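Okay, structure coming up:
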């Protein structure tokens, strides 16, 4: 398929009523924010299931994703502190801090 036709087809499919299509691949921090809102409200806050209650499985998946994001951030902070020349104990303390401190 020529590039022009493919671009036209993509534009047509995105405007066909699915307002969430463009956000399918979101930035991890934005996805985590949405998942945290879902868990707090105990219902879907966006997407085709908006307003429906979360099943135990869906709530568990969101919890796992949020845990993974926290673990990733902690490892990033730990490795960055080690690269800056801090001791392992100092790096471990820094990695457990929440926020951008």
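Numbering (the numbering used here), first residue to last: 159 to 259. C-beta atoms are modelled at their ideal positions from N, C-alpha and C, and glycine is treated no differently. This one's a predicted model, so the numbers in the text were calculated from it and none came from an experiment.
Chain-order list of residues whose beta-carbon lies under 8 Å from that of residue 244 (same chain, five-residue window excluded): 252
Only counting the same chain, and skipping five residues up and downstream in sequence, which positions put a Cβ closer than 8 Å to that of residue 197? 212, 217, 220, 221, 224
Residues near residue 192 by beta carbon distance below 7 Å, same chain, minus five either side: 203, 204
In whole angstroms, what separates the C-alpha of residue 187 from that of residue 242? 25 Å
Alpha carbon to alpha carbon, what distance is there between residue 208 and residue 246? 45 Å
Going by DSSP, what residue range makes up the alpha helix (DSSP H) through residue 187? 186-199
Classification of residue 210 by the beta-carbon crowding that lies within 10 angstroms, buried from 16 upward: exposed
Any idea if residue 236 is buried or exposed, counting beta-carbon neighbours within 10 angstroms, 16 or more meaning buried? buried
Beta-carbon within less than 7 Å of residue 190's beta-carbon, same chain only, minus the 5 sequence neighbours each way: which residues are those? 223, 224, 227
Please report the straight-line C-alpha distance between residue 234 and residue 185, rounded to a whole angstrom. 17 Å
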